[in-house]
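> Residue numbers (our numbering): 11 to 290.
This is the structure I want to talk about, given as structure tokens.
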Amino acid sequence: MFLPRIVKRMSPLLGSRMSLNACRFASTDLVRTEVDDKTGIAVVTMNRKPVNSLNLELLRELSSALDAVEKNKSRGMILASSLDTVFSAGLDITEMYKPDQARLKDFWTTLQEVWLKLFGSGFPTAAAINGHAPAGGCLLAMSCEYRVMRPNLTIGLNETQLGIVAPSWFMSTMENILPRREVELALTLGKMFSTEKAHEIGLVDEIVDTKEEALAKCTEFIQLFARVPREARALTKQSFRREALQKLDRDQDLQMFIYLVNQPQVQKGLGLYFESLKKK
Ligand SMILES: CC/C=C\C/C=C\C/C=C\C/C=C/C(=O)SCCNC(=O)CCNC(=O)[C@H](O)C(C)(C)COP(=O)(O)OP(=O)(O)OC[C@H]1O[C@@H](n2cnc3c(N)ncnc32)[C@H](O)[C@@H]1OP(=O)(O)O
């Protein structure tokens, strides 16, 4: 159970430029949330070694962090990773391979919840992509309004490469950013884009060299909205994203997921893929 710990302290995270700002922290082991008192922007940092794979516990804590950002009336939120080379490896394969059925249900329901809160948030969002972002990691980054990425990394929805199908709301999330044709090709190929290619096609907005620069660029983006009335901005964003949000029928999607994941050929594929990751 996530219990936000709100304390005042100096920020150790954002380097000298922001280190004098007092920050409020609401943190757990897996997700650190820090609100800069000067900018009012929350940085939500995923911290699950080795690769921030999204298991039930990490998803639950992300969901709670999004609630806390909403409740605190933060000016915006930056999603980042504490790891040097990985933003998030996507869904934790161990949640889907030979799963406990009750936990599998909880896992998927919580993932839906995180997406609904992040993609549908009223506050401005940006992703500081300081590491690789395959599949579910790409989904989180794409659910934000702006993406800043370090060079020589990869991002994309690679599900078909694993022999699985990205759910339709993963697809809609990509379609909110890229032209339909580009999305169809990316999805059917299971394409992982380099940072540079992702920038060229518009999947990523800016490339920077360091995590600190990524956080600074995300902050600049969120500050663009400083003079825009908050409610009007939020309703405009939510209205623009409504079609994608409403298309998700949670019960039907859950049933489909449970059915597909339990198919012997999907289990076999997930097992082989997991083994190949271990042998790498
Ligand atoms: C309604 C329709 C429904 C359903 C159809 C059914 C299912 C579809 C549902 C959802 C879509 C799926 C979405 C996903 O997100 S699936 C996950 C896809 N992720 C990946 O393919 C990424 C795999 N990982 C990597 O490519 C690399 O690990 C990465 C580039 C991220 C980092 O490389 P690095 O060299 O730094 O680390 P590694 O040595 O590879 O890994 C370290 C360690 O971590 C383990 N690992 C990696 N990724 C995962 C993962 N996703 N889940 C669990 N574990 C992972 C890896 O095995 C290593 O473990 P160990 O050997 O024990 O150290």
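C-beta atoms are modelled at their ideal positions from N, C-alpha and C, and glycine is treated no differently.
The structure presented is a predicted model; accordingly, all values stated were derived computationally and were not measured.
Am I right that P134 and E155 are in contact with their C-beta atoms under 8 Å? What's the rounded C-beta distance?
Here residue 134 refers to the residue found at position 124 when the sequence shown is read from its first residue. Here residue 155 refers to the residue found at position 145 when the sequence shown is read from its first residue. With a Cβ gap of about 6 Å, P134 and E155 count as contacting.
> Name the one or two DSSP bridge partners that V41 has.
If you number the sequence shown from 1, residue 41 lands on position 31. Beta-bridge pairing links V41 to M56.
> Which whole-angstrom value describes the C-beta separation of K122 and R260, a residue pair presumed to lie in contact below a C-beta threshold of 8 Å?
The residue labelled residue 122 in the question sits at position 112 within the sequence shown. The residue labelled residue 260 in the question sits at position 250 within the sequence shown. Strictly speaking, residue 122 in this sequence is Gln, with Lys absent from that position. R260 and Q122 do touch by the CB rule: their CB atoms are close to 5 Å apart, below 8 Å.
> Is it right to say T49 is buried, meaning 16 or more other beta carbons lie within 10 angstroms of its own, or is it exposed?
On the sequence shown, position 39 is the one that residue 49 refers to. T49 comes out buried.
> Could you tell me if the beta carbon of S153 falls within a distance shorter than 8 Å of some heavy atom in ligand 1?
Translated into positions along the sequence shown, residue 153 becomes position 143. Because no heavy atom of ligand 1 lies under 8 Å away, the Cβ of S153 does not count as near it: no.
> Is M143 helix, strand or coil by DSSP?
As a first step, residue 143 is located in the sequence shown; it is residue number 133 there, counting from the start. According to the sequence provided, residue 143 is Ala. The question's Met does not apply to it. Residue state, collapsed to three classes: strand.
> Report buried or exposed for M20, applying the criterion of at least 16 other Cβ atoms within 10 angstroms of its Cβ.
Numbered from 1 along the sequence shown, position 10 holds the residue referred to as residue 20. Reliability fails at M20, whose pLDDT of 35 lies under 50, so the model's placement of it is uncertain and no value is given.
> According to DSSP, simplified to helix, strand and coil, what is F203?
Residue mapping note: residue 203 aligns to position 193 of the sequence shown, counting from 1. Residue state, collapsed to three classes: strand.
> Just the C-alpha distance for D219 and E253, rounded to the nearest angstrom, thanks.
Position 209 of the sequence shown, counted from the start, is the residue given in the question as residue 219. Position 243 of the sequence shown, counted from the start, is the residue given in the question as residue 253. When rounded, the distance between both Cα atoms is 36 Å.
> Are there three or more Cβ pairs, one per stretch, closer than 8 Å when the region 209-216 is compared with the region 87-105?
no
> Tell me, to the nearest whole angstrom, how far the beta carbon of G173 is from that of G100; I am working on the premise that it is less than 8 Å.
For the purposes of this step, residue 173 is taken as the residue at position 163 of the sequence shown. For the purposes of this step, residue 100 is taken as the residue at position 90 of the sequence shown. G173 to G100, Cβ: 15 Å. No contact.
> Report buried or exposed for A32, applying the criterion of at least 16 other Cβ atoms within 10 angstroms of its Cβ.
Position 22 of the sequence shown, counted from the start, is the residue given in the question as residue 32. For A32, the pLDDT reaches just 46, beneath the cut-off of 50, and the residue's location in the model is therefore unreliable, leaving the point undetermined.
> Taking P109 and V276 to be in contact with their CB atoms under 8 Å, please state how far apart those CB atoms are, rounded to whole angstroms.
Numbered from its first residue, the sequence shown carries residue 109 at position 99. Numbered from its first residue, the sequence shown carries residue 276 at position 266. Not really, about 11 Å apart at Cβ, beyond 8 Å.
> For the putative contact between R113 and I139, defined by C-beta atoms under 8 Å, what is the C-beta separation to the nearest angstrom?
The residue given as residue 113 occupies position 103 in the sequence shown. The residue given as residue 139 occupies position 129 in the sequence shown. 29 Å between Cβ atoms; not a contact.
> Check G281 in the structure and name its three-state DSSP category.
Locating residue 281 in the sequence shown gives position 271, where the first residue counts as 1. Residue state, collapsed to three classes: helix.
> S153 and F129 look like a contact to me (Cβ under 8 Å); what is the Cβ gap, rounded to whole Å?
Translated into positions along the sequence shown, residue 153 becomes position 143. Translated into positions along the sequence shown, residue 129 becomes position 119. Contact flag correct, Cβ pair sits at about 4 Å.
> Exposed or buried, what is S286 when buried is set at 16 or more other beta-carbons lying within 10 Å of its beta-carbon?
Within the sequence shown, the letter at position 276 stands for residue 286. With fewer than 16 other Cβ atoms within 10 Å, it is exposed.
> Under 6 Å Cβ to Cβ from G10, same chain only, skipping five residues before and after it: list those, please.
The structure shown does not extend to residue 10, since the chain is modelled only from 11 to 290, so the question has no answer here.
> Between S63 and ligand 1, is there a pair consisting of the residue's CB and a ligand heavy atom that are separated by less than 8 Å?
Along the sequence shown, one-based indexing puts residue 63 at 53. Yes, the Cβ of S63 comes within 8 Å of a heavy atom of ligand 1.
> Helix, strand or coil for I174 per DSSP?
Within the sequence shown, the letter at position 164 stands for residue 174. The answer is coil: DSSP assigns I174 none of H, G, I, E or B.
> Tell me the DSSP bridge mates of L216?
As a first step, residue 216 is located in the sequence shown; it is residue number 206 there, counting from the start. Here the sequence assigns Glu to residue 216, which means Leu is not the residue at that position. Partner(s): V158.
> Find out if the Cβ-Cβ distance for the pair L163, H142 is shorter than 9 Å.
The residue you call residue 163 lines up with position 153 of the sequence shown. The residue you call residue 142 lines up with position 132 of the sequence shown. Contact flag set, yes.
> Got a sec? Which residues, its chain only, sit under 7 Å from K288 by beta carbon, not counting five neighbours each side?
For the purposes of this step, residue 288 is identified with residue 278 of the sequence shown, where counting begins at 1. Answer for K288: no residue qualifies.
> Okay, do the region 36-48 and the region 67-79 touch, 3+ Cβ pairs below 8 Å being the bar?
yes
> Run the proximity test for T177: is its beta-carbon closer than 8 Å to any non-hydrogen atom belonging to ligand 1?
Residue numbering aside, residue 177 sits at position 167 when the sequence shown is read from its first letter. The residue asked about is misnamed: residue 177 is Pro in this sequence, not Thr. Because some heavy atom of ligand 1 lies under 8 Å away, the Cβ of P177 counts as near it: yes.
> What is the C-beta distance between I3 and I51, in whole angstroms, given that I count them as a contact (C-beta under 8 Å)?
No information on residue 3 is available, as it lies outside the stretch 11 to 290 that the chain covers here.
> Taking the C-alpha atoms as reference points, what is the distance between R191 and M184?
Position 181 of the sequence shown holds residue 191. Position 174 of the sequence shown holds residue 184. Their backbone Cα atoms lie some 11 Å apart in a straight line.
> Mapping DSSP to helix, strand and coil, what is A90?
Counting from one through the sequence shown, the residue named residue 90 turns up at place 80. DSSP places A90 in strand when its eight states are reduced to three.
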